[in-house]
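*Asks:* Just passing along the structure, written as structure tokens.
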Amino acid sequence: MAQTIETHDGADLRPAGLRGVAADFSSDQRAFKTASWGKAMMWIFLLSDTFVFGCFLIAYMTARMSTPVPWPNPSEVFALHIGGQDVPLILIAIMTFVLISSSGTMAMAVNFGYRRDRRTTAILMLLTAVLGACFVGMQAFEWTKLITEGVRPWENPWGAAQFGSTFFMITGFHGTHVTIGVIFLLIVARKVWRGDFDVERRGFFTSRKGRYEAVEIMGLYWHFVDLVWVFIFAFFYLW
Amino acid sequence: MSETTAHAQSQTAHAQAHTGQQHPIRLYLFVWGLLFVLSAASYMVDYLGIQSYLRWTLILLFMMLKAGLIVAVFMHMAWERLALVYAILLPPLLVLVFVALMVSEADYTIFTRVAFFGAGP
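Each protein sequence line maps, in turn, to chains A and B.
Be aware that the first sequence starts at 471, since it is given in our numbering, and climbs by one per residue.
Be aware that the second sequence starts at 16, since it is given in our numbering, and climbs by one per residue.
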């Protein structure tokens, strides 16, 4: 009885585990008791984006498995000539570290946001945006290098033609996500800097009161971009 | 009157519960460091030229560890209600069914390509 009545408070009273899942979903109210509207919607968007990238990676797997032509060796394709020798995959490794660092600064920004430390939050978010822009810049460099070497969506000098199409599609889509994330970061960082979340200034589109949770929701998107890169790095570059 | 104060109190308690996700900075730095180490490890797999099954196992292992850390700590999934965790994390498992379908399809495609066109395309 007590389980069905409680609606807003008493988070401690709610059952945990599988019983809690059943109680939350069958409560005839909001199913995600502790996640706000905005956070739940961001998670559901990220779920749909997971399927988009899942389909891309599956398409890549299918193309690579079904071609009788040897697949170009990514370790050599993405090597850079540094100090008189080829270092395999070094640019991709640096890009990975840059993106992970940006995820770290983003997590810190969320933390300082909830401490209502406006200045530190905004600075950390701007740092995240700078690291994200660096990532996109390195990706542009990588694309330029490959295109000058003759990689096209329909051919490349080293092997299976599908290499180019899957490479441009997957990294292009991911780079677009990073770019959108950088813009999103700058917008939220501006709001933080201006103190929108301290005075609960209403949003331009939603007319909802500004809260520091917006930083966490922004963070969810950014960490997701990093998460997708983890899978791209493993399957496309290392496999 | 006392009811309103009680209500206000529960409201603030509620608000505090929602401004949650307040974790020590040290935890984030630790996870950050772990992600660096795991990324370096997966890069070393390529750098050292480990091949075949050991390579694939290590790649998948480091990938899953990194993904798990990002989702659990950076995205705060470890502190969410199980209802949200299941609603978000279980559906992507269906992608594995899709993978299985496409593996069998790709096997068939390469079989017909080799059978009809020989080794070349």
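Glycine is no exception: its CB is placed at the ideal position from the N, C-alpha and C atoms.
(1) I need the DSSP call for Asp668 of chain A, collapsed to helix, strand or coil.
(2) Going by C-alpha distance, which of A:Gly554, A:Val522, A:Thr575, A:Leu527 is nearest Phe89 of chain B?
(3) The beta strand (DSSP E) that contains Leu550 of chain A, what's its start and end?
(4) Taking Cβ to Cβ, would you say Met595 of chain A is nearer than 9 Å to Ala577 of chain A?
(5) Just to confirm before moving on: does the CB-CB distance between Leu601 of chain A and Ser572 of chain A stay below 9 Å?
(6) According to DSSP, is Asp587 of chain A helix, strand or coil?
(7) Short check: CB of Ile103 of chain B to CB of Leu697 of chain A, under 9 Å?
(8) Applying the criterion that 16 or more other CB atoms from any shown protein chain within 10 Å of the CB defines a buried residue, is His644 of chain A buried or exposed?
(9) If the cut is a Cβ gap below 8 Å, which residues of chain A does Gln66 of chain B touch?
(10) For chain B, is any of its Cβ atoms less than 9 Å away from the one on Thr520 of chain A?
(11) Residues bridged to Val557 of chain A by DSSP?
(12) State the start and end residues of the unbroken alpha helix (DSSP H) segment that holds Trp513 of chain A.
(13) Does the beta carbon of Pro688 of chain A come closer than 9 Å to any beta carbon on chain B?
(14) For Thr72 of chain B, return the contacting residues in chain A, with the cut-off set at a CB-CB distance below 7 Å.
(15) Tell me whether the stretch 492-509 of chain A and the stretch 684-695 of chain A touch, counting them as touching only if at least three CB pairs, one residue from each stretch, are closer than 8 Å.
(16) Can at least three beta-carbon pairs, one atom from the stretch 534-541 of chain A and one from the stretch 112-131 of chain B, be found at a separation below 8 Å?
(17) Anyone know if the C-beta pair for Phe654 of chain A and Met688 of chain A falls short of 9 Å?
(18) Pull up the CB-CB distance for Phe567 of chain A and Ser54 of chain B, whole angstroms please, since I reckon it's below 8 Å.
(19) Within the 9 Å Cβ cut-off, does Met578 of chain A reach chain B?
(20) Based on Cα-Cα distance, which residue from A:Gly553, A:Thr598, A:Ala630, A:Asp587 lies nearest to Trp663 of chain A?
(21) Could you tell me whether any Cβ in chain B is nearer than 9 Å to the Cβ of Thr591 of chain A?
(22) So, under 8 Å CB-CB, Pro558 of chain A and Ala549 of chain A are touching, yes? Tell me the CB distance rounded to an integer number of Å.
(23) Mind checking Ala563 of chain A: buried by the 16 CB within 10 Å criterion, or exposed?
(24) Going along the chain, which residues of its own chain have a beta-carbon closer than 6 Å to the beta-carbon of Ile85 of chain B, five neighbours each way excluded?
(25) Contact defined as beta carbons within less than 8 Å: I believe Pro540 of chain A pairs with Gly629 of chain A. What is the distance between those atoms, to the nearest angstrom?
(26) So which residues on chain A does Arg41 of chain B lean against when the C-beta distance must stay under 7 Å?
(27) Apply the 10 Å Cβ neighbour rule to Phe131 of chain B and answer buried if 16 or more other Cβ atoms are within range, or exposed otherwise.
(28) So which residues of chain A does Leu108 of chain B contact, with C-beta pairs closer than 9 Å?
(29) When the Cα atoms are used, what is the spatial distance from Ile657 of chain A to Thr591 of chain A?
(30) Mind checking whether Phe741 of chain A and Phe701 of chain A have CB atoms under 9 Å apart?
(31) Short of 8 Å Cβ to Cβ, which residues in the stretch 112-125 of chain B face chain A?
(32) If we ignore side chains and look at the alpha-carbon of each, how far apart do Met117 of chain B and Met78 of chain B end up?
(33) Strictly below 8 Å CB to CB, what residues from chain A border Ala98 of chain B?
(34) Relative to chain B, which residues along the stretch 525-537 of chain A have a C-beta separation below 9 Å, given in chain order?
(35) Using Cβ-Cβ distances below 7 Å, what residues of the stretch 544-557 of chain A are close to chain B?
*Replies:* Per the coordinate set shown:
(1) In the structure shown, the three-state DSSP call for Asp668 of chain A is coil.
(2) The residue from A:Gly554, A:Val522, A:Thr575, A:Leu527 with its alpha-carbon nearest to that of Phe89 of chain B is A:Thr575.
(3) That run of the beta strand (DSSP E) goes 550-552.
(4) Not closer than 9 Å, so no.
(5) For the pair Leu601 of chain A and Ser572 of chain A, the CB atoms are nearer than the 9 Å cut-off.
(6) Reduced to three states, the DSSP call for Asp587 of chain A is coil.
(7) When the beta-carbon positions are compared, Ile103 of chain B and Leu697 of chain A stay at least 9 Å from each other.
(8) Flag for His644 of chain A reads buried.
(9) What Gln66 of chain B touches in chain A: nothing, since even the nearest Cβ is about 11 Å away.
(10) Cβ-Cβ to chain B under 9 Å: yes for Thr520 of chain A.
(11) When beta bridges are read from the DSSP output, Val557 of chain A appears opposite A:Leu550.
(12) Its alpha helix (DSSP H) spans residues 507-536.
(13) With the sequence shown as reference, residue 688 of chain A is identified as Met, and Pro is not the correct amino acid for it. Not flagged as an interface residue toward chain B: Met688 of chain A, since no C-beta distance is shorter than 9 Å.
(14) Contact of Thr72 of chain B with chain A by beta-carbon distance below 7 Å is absent, the smallest such distance being about 12 Å.
(15) Taking 8 Å as the limit for Cβ pairs, the verdict is that the stretch 684-695 of chain A does touch the stretch 492-509 of chain A.
(16) Segments in contact, yes.
(17) Yes, the pair counts as a contact, with Cβ atoms nearer than the cut-off.
(18) Correct: roughly 6 Å between the Cβ atoms.
(19) Chain B, which has a Cβ nearer than 9 Å to the Cβ of Met578 of chain A, makes this yes.
(20) Looking at the Cα atoms, A:Asp587 is the closest of the given residues.
(21) No, Thr591 of chain A does not count as interfacial toward chain B.
(22) With a Cβ gap of about 5 Å, Pro558 of chain A and Ala549 of chain A count as contacting.
(23) Buried, since its Cβ has 16 or more Cβ neighbours within 10 Å.
(24) Beyond the five residues adjoining it in sequence on each side, Ile85 of chain B comes within less than 6 Å, by CB distance, of no other residue in the same chain.
(25) The beta-carbon separation of Pro540 of chain A and Gly629 of chain A, rounded to 5 Å, stays under the 8 Å limit for a contact.
(26) Result: empty, since nearest Cβ-Cβ is about 11 Å, beyond 7 Å.
(27) Burial state of Phe131 of chain B is exposed, judged by a 10 Å Cβ sphere holding fewer than 16 other Cβ atoms.
(28) For a Cβ distance threshold of 9 Å, nothing in chain A lies close to Leu108 of chain B: the least Cβ distance comes to about 11 Å.
(29) Rounded to the nearest whole angstrom, the C-alpha separation of Ile657 of chain A and Thr591 of chain A is 13 Å.
(30) Here chain A covers residues 471 to 709 and nothing more, so residue 741 of chain A does not appear.
(31) Within the stretch 112-125 of chain B, the residues whose Cβ lies closer than 8 Å to some Cβ of chain A are Phe113, Val114, Met117, Val118, Glu120, Ala121, Asp122, Thr124, Ile125, listed in chain order.
(32) A straight-line Cα-Cα distance of about 21 Å links Met117 of chain B and Met78 of chain B.
(33) Within chain A, the residues placing a beta-carbon under 8 Å from that of Ala98 of chain B are Gly490, Val491, Asp494, Phe495, Ala501, Phe502, Lys503, ordered along the chain.
(34) Here the close residues are Cys525, Leu527, Ile528, Ala529, Met531, Thr532, Ala533, Arg534, Met535, Ser536, Thr537.
(35) The residues in question are Ser545.
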